[in-house]
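Line order of the protein sequences matches chains A and B.
Be aware that the first sequence starts at 578, since it is given in this note's numbering, and climbs by one per residue.
Be aware that the second sequence starts at 625, since it is given in this note's numbering, and climbs by one per residue.
Beta carbons: idealized from backbone N, C-alpha and C, even for Gly.
Following: one structure in C-alpha cells, then a few remarks.
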Amino acid sequence: MVKHKRLWIGLVGSVICILGILGTYFNAGLYQQPIIRVMRVQTISREKQTDEYQNEDTEVVQRVTGQFLNTKQKGKTITLRNTYTASQAMSTRYYKGEQVFLHRDQYLKKWSLNEPKRDTIIVGLTLLTFSLLLLMMLKRGLMTLLSVLVNLVAFVLTLHLNALTGGRWLLPIMCGLAIVLTGLTLLLVLGPNRQMLVAYGATIGATFLALFLSMAVLKLTGDQGLHYETMAYELQPYKTVFLAEVVLGILGAVMDETTDISSSLQQLAIEQSNVTKAELFKSGLTIGREIIGPLVNVLFFLVMADAFPIILLYLRNGNTIAYTLSRTVTLSLTQTVISAIGITLAVPVTSLLASQLVRVRR
Amino acid sequence: MMLLTGILLILLVLVCGWQGLTIFFTLSLNFVVIILALVLVAGGFEPLMVSGLLSLILLATSIFMNTKQPLTAKTAFVTSLIVVVVLLVIIVPLSQLAATYGFGAEDAEEIEGFGLAIGLSFQKISMMMIFLGSLGAIAETSIAVASGLVEILEYDAQMAPKQLFKAGIAIGEKIIATAFNTLFFSFFGSFLSLTMWFIQLGYPLSKIVNHKILIGEVLALLIGVIGVIATVPLTSRLLNYFRKPKDE
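Structure follows, in C-alpha cells:
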C-alpha cells in the first residue's frame with residue numbers, strides 16, 4: 578500500500594518537476610523586461626592584469642549574439658559586448674544557451690546585458706526537493722511543506738507590517754512572529770499532542786532566555802568591540818536588526834533540538850514501557866549533550882559560509898588577518914555565541930519538561 | 625562579546641559537565657580551521673581541494689569530539705562523508721547553471737573601494753560556501769538519528785535489523801522536518817535585512833525570483849535539505865551494518 582503511494586508520488590512529482598522546468602523555461606512572455614537566448618559566444622580579447630597587491634586576473638571581452646524571446650523585438654537577433662574578469666566577483670561570463678535579461682539605457686538608446694535568468698533552476702530544484710520530502714515522509718512531508726509555506730507568508734506579511742509601522746517596533750514584532758511561527762511549525766510538524774507542548778514550551782523559553790540574557794550583557798558592556806555598521810545592506814537601526822536576525826535564525830535550531838530530544842524520549846518510552854521519569858530525564862541530557870555541539874556547528878557553519886566572499890576580498894586587498902576578522906566576523910561570532918547559549922539552555926529545559934509530560938505506558 | 629562567550633562556557637559546563645569544555649574547544653578549533661582554510665585559498669591554493677580537506681577535518685572534529693558513543697560517531701562520520709561526496713556531484717553543475725556567485729548589486733556599498741579583480745574563482749568559492757553550509761546539517765542529522773537508535777539498542781540489543789531501520793526512519797522523519805526548519809529559519813534570519821530592503825524599495829516579483837543573492841542562498845538551502853533527506857535512510861542502514869560486524 579505504502580509502496581504504491583510512494584510510486585505515485587514519485588511519478589506525479591517527476592511530472593510536476595518537468596512541467597515546472599518547462600513552464601519557467603518558456604515563460605519569457607510573462608516578463609516585461611526583454612530577455613534573449615544566447616546563440617553564440619565569441620571571445621574577442623583577453624588581457625592579463627595585475628593590481629597593487631600582486632593579484633593576477635584576466636579581463637575578457639566576449640561578443641554575445643542572442644535572439645529576443647519577448648517584447649516587440651521577439652525573434653530579432655542582437656549582438657552585444659560583455660566584459661568580465663575571470664574571477665567573476667561582480668561581472669558575469671555568459672554561455673551559449675543561457676537566457677539573459679537585457680537592460681536598455683534610455684539616454685544612450687543602447688542595449689546591455691543585465692543578468693542571467695535564474696527562475697528555471699530555482700523552480701526546478703524547489704519542486705525536486707519538495708517531491709523528495711513527500712516521497713520520503715509522505716504525510717509528515719506534506720505537513721513540513723505546509724509549515725514552510727505558512728511561515729513564508731507570515732514572514733513576508735510581518736515585514737510588510739513592519740514597513741507600515743516605520744520599523745520602530747521591529748524587535749517586538751519579530752518576537753511576536755517568533756512565537757507564532759514556532760507554534761505553527763510545531764503544530765504542523767508534530768501535530769497537537771504532548772510532545773508538541775513540550776517542544777513549544779522549551780523552544781520559546783530557551784530562545785527568549787538567551788535573547789534577554791544577551792541584550793542585558795550587550796547593554797552592560799556597551800556593545801564593546803562590535804561593529805554593527807559592518808552588517809550587510811546597512812539597514813538602520815543596526816542593533817535591532819541584528820537582534821531580530823539572531824532570534825529568527827536561532828529559532829529553527831532550538832526547535833530542532835527540542836523536537837529531537839522529545840521525539841527520542843517518546844520513542845524510548847514506546848520501546849521501553851517500564852522506563853522511569855528520572856531515567857527519561859537522564860536520557861534526555863545524554864541525547865542533548867550529543868546534539869548541542871553539532872547543532873551549534875550547523876548555525877556556525879552557515880554564518881561563516883556567508884562571510885567567505887567578503888573575508889577573501891579583505892585578505893586579497895592587502896589587509897592583515899586580524900583586521901579582516903575584526904571587520905568581517907565579529908558579528909557572526911557574537912550571533913553564534915548567542916545561538917549557542919540558547920541551544921545549551923534548551924537541553925535541560927526540554928529534558929525536564931519531557932520527562933514530566935511524555936506519556937509512559939504502564 | 626568576551627563576557628557573552630564566558631557565559632556560554634559556564635552554561636556549557638553546567639549542562640554538559642566536562643564535555644561542555646570539549647564542545648567549546650571544538651567550536652574554537654573549527655573557527656581556526658575555517659579561517660586557516662580561507663587564508664590558504666587567499667594564498668592561492670585550489671578552493672575545491674581546500675574544501676575537501678576542510679569538510680574532512682570539520683566532520684571529524686564536530687562528530688568525534690562531540691559524540692562519546694563510538695558506534696554513533698562512526699556511523700555518523702561515514703554517512704556524512706558519503707552524502708557530502710554525493711552532493712559534490714549536484715553542486716558543481718547547479719552552481720554553474722544558476723550563476724549566483726560573486727557579489728550582488730546590493731553589496732555595492734559594502735565592497736566599495738576594494739579591488740575586485742583578485743584572481744580567485746568566485747564560482748569555486750560559492751561551491752565552498754554551499755559545502756560548508758550543508759555540512760553542519762548533514763552531520764547533525766546523522767548524529768541525531770544514530771544516537772537515537774543507539775539509545776534504543778541499549779535497551780534492546782537484539783532488535784531485528786528491519787525493526788531498527790524502521791525506528792530509524794521514524795525518528796528520521798521528525799528530524800528531517802526539524803532540520804529543514806533549522807536551515808529555513810537560519811535563512812529567514814540572514815535574509816531579514818534583504819527582505820526589508822526588497823519591501824522598502826518595492827522590488828517587483830520578477831526581479832526577486834531572479835535575484836542573484838536570494839537565489840544563491842535558496843540554492844544553498846535546498847542542497848542542504850537534499851543532503852539531510854539522503855542522510856536518514858543511509859544512517860539507519862549503516863548503523864545496522866556496523867552494529868554487529870561479526871555475528872551477522
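Where residue i meets chain B, residues with beta-carbon distance less than 9 Å
i      : result
A:I864 : A768, S771, G772 and E775
A:H737 : I823
A:K694 : N834
A:N604 : Within 9 Å Cβ-Cβ: nothing; A:N604 doesn't reach chain B, min ~10 Å.
A:R893 : A666, F738, G739, I742, G743 and L744
Rounded C-alpha distance that separates residue i from residue j
i      : j      : result
A:I595 : A:P693 : 21 Å
B:M625 : B:I634 : 14 Å
A:L910 : B:P694 : 30 Å
A:Y900 : B:F649 : 23 Å
B:A732 : A:V880 : 20 Å
A:A740 : B:Q824 : 7 Å
A:H737 : B:G760 : 32 Å
A:R939 : B:S810 : Confidence at A:R939 is low in this model, with a pLDDT of 44, below 50, so its placement is unreliable and no value can be given for it.
A:R614 : B:G630 : 56 Å
A:G919 : B:I767 : 20 Å
A:T703 : B:L838 : 13 Å
A:V730 : A:L758 : 10 Å
A:H581 : A:L712 : 11 Å
A:F645 : A:K653 : 6 Å
A:Y805 : B:T802 : 30 Å
B:K698 : B:V856 : 15 Å
A:T807 : A:R904 : 7 Å
Within chain A, the residues that residue i reaches when beta carbons sit closer than 7 Å
i      : result
B:A784 : Within chain A, no residue comes near B:A784; the closest Cβ sits about 13 Å away, beyond 7 Å.
B:Y725 : Q665
B:V849 : T706
B:L858 : Correct list: empty, because the minimum Cβ distance to chain A is about 12 Å.
B:T806 : G829, A830, D833 and V875
Residue i versus the options, residue with shortest Cα-Cα distance
i      : options                           : result
B:S652 : B:T685, B:F822 and B:L680         : B:T685
A:K716 : B:G792, B:A763 and B:E797         : B:E797
A:Y630 : A:Q801, A:I598, A:N894 and A:Q609 : A:N894
B:V713 : B:V665, B:L862, B:L858 and B:I850 : B:I850
A:S850 : B:K692, B:I767, B:Y779 and B:Q643 : B:Y779
A:T601 : B:F866, B:N864, B:V833 and B:A844 : B:V833
B:V716 : B:F746, B:F809, B:V856 and B:F688 : B:F746
B:A794 : A:L734, A:V733 and A:M714         : A:M714
B:S814 : A:V592, A:N647, A:F877 and A:V641 : A:F877
A:D833 : A:R695, A:A923 and A:T853         : A:A923
A:I621 : A:N604, A:L719, A:G701 and A:T642 : A:T642
A:K649 : A:I598, A:E822, A:L767 and A:I612 : A:I612
B:I800 : A:D883, A:R745, A:V766 and A:M792 : A:V766
B:L711 : B:I658, B:F669, B:G757 and B:L773 : B:G757
A:T669 : B:S830, B:L718 and B:T724         : B:T724
Chain A residues whose Cβ lies nearer than 9 Å to that of residue i
i      : result
B:M670 : Here the sequence assigns Glu to residue 670 of chain B, which means Met is not the residue at that position. Ordered by position in chain A, no residue passes the 9 Å Cβ test against B:E670, which lies about 14 Å from the chain.
B:M751 : Going along chain A, no residue has its Cβ under 9 Å from B:M751, so there is no contact; the nearest lies around 11 Å.
Proximal residues of chain B, C-beta to C-beta of residue i below 7 Å
i      : result
A:S841 : G772, E775 and I795
A:S860 : E775
A:P814 : Here the premise fails: no neighbours, minimum Cβ distance about 12 Å.
A:T703 : L846
Chain-ordered chain B contacts of residue i [CB-CB under 8 Å]
i      : result
A:V552 : With chain A covering only 578 through 939, there is no way to say anything about residue 552 of chain A.
A:T911 : M625 and L628
A:V766 : K798, A801, T802 and N805
A:Q626 : A741
With 16 other Cβ atoms within 10 Å as the buried cut-off, status of residue i
i      : result
A:H680 : exposed
A:S689 : exposed
B:E872 : For B:E872, the predicted model reports a pLDDT of 43, less than 50, meaning its position is unreliable; a value from the coordinates is still stated below. Burial call: exposed.
A:S916 : buried
A:P749 : exposed
A:D682 : exposed
B:A781 : exposed
B:S860 : buried
A:N770 : exposed
B:V656 : exposed
B:G667 : exposed
Partners in chain A for residue i, counting only beta-carbon separations shorter than 8 Å
i      : result
B:S814 : E822, G826, L879, V880 and D883
B:T855 : Those do not exist, as B:T855 stays about 11 Å from chain A at its closest Cβ, beyond 8 Å.
Closer than 7 Å: residue i CB and nearest the ligand ZN heavy atom
i      : result
B:M625 : No copy of the ligand ZN appears in this structure; indeed no ligand is present at all.
Quick one: any contact between the segment 733-743 of chain B and the segment 863-876 of chain A, if contact means 3 or more CB pairs under 8 Å? Touching, no, given that fewer than three Cβ pairs across the two stretches are closer than 8 Å.
For the segment 913-932 of chain A and the segment 775-795 of chain A, state whether three or more C-beta atom pairs, one from each stretch, are separated by less than 8 Å. Three or more pairs of CB atoms, one per stretch, sit closer than 8 Å, so the segment 913-932 of chain A contacts the segment 775-795 of chain A.
Mind the definition here: the segment 655-674 of chain B touches the segment 836-852 of chain A only if three or more C-beta pairs lie below 8 Å; say whether that holds. Segments in contact, no.
Taking one C-beta from the segment 633-645 of chain A and one from the segment 659-667 of chain A each time, how about it: are there three or more such pairs within less than 8 Å? With a cut-off of 8 Å on Cβ pairs, the segment 633-645 of chain A is in contact with the segment 659-667 of chain A, counting three or more such pairs.
Is there contact here, the segment 814-833 of chain A with the segment 785-804 of chain A, by at least three beta-carbon pairs under 8 Å? For the pair of segments examined, the segment 814-833 of chain A was found to touch the segment 785-804 of chain A: the number of CB pairs separated by less than 8 Å reaches three.
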